[in-house]
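Written below as structure tokens is the structure these notes are about.
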Amino acid sequence: MAIVSPFGTPARQLRVRGEKRSHLGKKYSLVEDRRRNVLFVSPYPTAAETRAFYAGRYSGDTATESDYSGSERKAIAQLSGMKAYLARNRVRPASLLDVACGSGYFVDVALREGFDGFGFDFESSGIESAVRNFPHLRDRLIAGTISDVDLPRDSFATITILDALEHMLDPIANLRAVNNLLQRRGLLFIQSIYYDNGFPETDSFTDPQSGKSLLGWPAFSQNHSWEHVMIYSIKGMAYVLEEAGFMLNGVFKTAGHSCPIVVAQKAKRGQVHTARQRVIAEYHQFDVGPRS
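Numbering of the sequence shown is given in the working numbering, commencing with residue 40 and proceeding in unit increments.
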């Protein structure tokens, strides 16, 4: 039976060492969509399955001093890279929406770093967790479906999707909704997991026994978690952004984090293909792909 990706294009199952199981104990496999340059889990989860997973994840989630210290350092590093990119584009810190804000750490730091920060999460349990951690964010956090969020078009100068796009069942629909909320000259920053990551000199993805990187193929397949329903290559990210009306501007790494951040902005007619080729050529080390 032919395998079809969530995008409706042909796909193939990848051979991985060992048996892979979801958090519920169900067997699953990794499948590659070669046309889109993405991997996804099969069988593909339902919305109900993912809601149940995240509701359980956030239940009773209150930040400890240790949690906040680590998350604060990560958010400061992320914002430092973003602010440098904004400065190069002569954009000052302004309105910011953090999509899939989770427990609220990033929005809290963004406010202190000069952004007019707001957060959105698909799960009400995530927002409840964020408010428990940071009561002063109560009026700055929104829960629901992003396409149904009651916000004017072009509301934000900066939108961030950090460690979240790989969890989304329908990334293109969500990115199109994000496109509506981003200002014409605004910038979108996405930090995600890439199976062709070009930055292997990492700490969080290094085997403590051997010291070897866990990134790259086939090591990635052995350390993949079920809730990462769709995994991109840099080229795959460029294609997905194009479908949502964005063009990929660049890629950069933040200190102390293994996964790079891609930057995109709204595309004008005729810009997308040129931008994609420029970025992919500049970051050709990403385009290595999985090996079955």
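The beta carbon of each residue, even a glycine, is placed where N, CA and C say it ideally should be.
Within the model, the alpha-carbon separation for residue 123 versus residue 85 is close to 39 angstroms.
The region 213–229 makes contact with the region 185–195: 3 or more CB pairs, one atom from each, lie closer than 8 angstroms. Around residue 42, the same chain offers 49, 50, 51, 52, 70 and 81 as residues with beta carbons nearer than 8 angstroms, after the five sequence neighbours per side are excluded.
Collapsing the DSSP output to three states places residue 192 in coil.
Residue 303: member of the beta strand (DSSP E) spanning 300–305, first to last residue. DSSP assignment within the region 137–178 yields the following whole alpha helix (DSSP H) runs of 4 residues or more, N-terminal first: 144–151 and 163–172. Proximity of the region 130–146 to the region 154–173 meets the contact definition, three or more beta-carbon pairs being nearer than 8 angstroms. Within its own chain, the residues whose Cβ lies closer than 7 angstroms to the Cβ of residue 223, once the five positions on either side in sequence are excluded, are 193 and 305, listed in chain order. Burial is judged here by how many other beta carbons sit within 10 angstroms of a residue's own beta carbon; residue 293 has at least 16 and is buried.
For residue 210, there is no enclosing beta strand (DSSP E); the residue is part of the alpha helix (DSSP H) that begins and ends at 210–220. In the same chain as residue 276, and ignoring 5 residues on each side of it, the C-beta atoms closer than 6 angstroms to its own belong to 301, in chain order. Around the beta carbon of residue 47, fewer than 16 other beta carbons sit within 10 angstroms, so the residue counts as exposed.
Secondary structure at residue 225: strand, using DSSP grouped into helix, strand and coil. DSSP links residue 118 through a beta bridge to no other residue. If you look at residue 273, you'll find it in the alpha helix (DSSP H) that goes 273–282.
Rounded to the nearest angstrom, the Cβ distance from residue 267 to residue 211 is 17 angstroms, too far for a contact under 8 angstroms. Per DSSP, reduced to three states, the secondary structure at residue 131 is coil, with no helix or strand assignment. Counted as a single uninterrupted DSSP element, the beta strand (DSSP E) harbouring residue 71 occupies residues 68–72. Residue burial is scored here from C-beta neighbours: residue 63 has fewer than 16 other C-beta atoms within 10 angstroms and is therefore classed as exposed. In this structure, the straight-line span from the alpha carbon of residue 281 to that of residue 287 is close to 8 angstroms. Counting every other CB atom within 10 Å of its CB across the protein chains shown gives residue 147 a total of 16 or more, marking it as buried. In this structure, residue 179 lies near residue 156, with their beta-carbon atoms less than 9 angstroms apart. A residue is called buried once 16 or more other Cβ atoms fall within 10 Å of its Cβ, and residue 274 is buried on that count.
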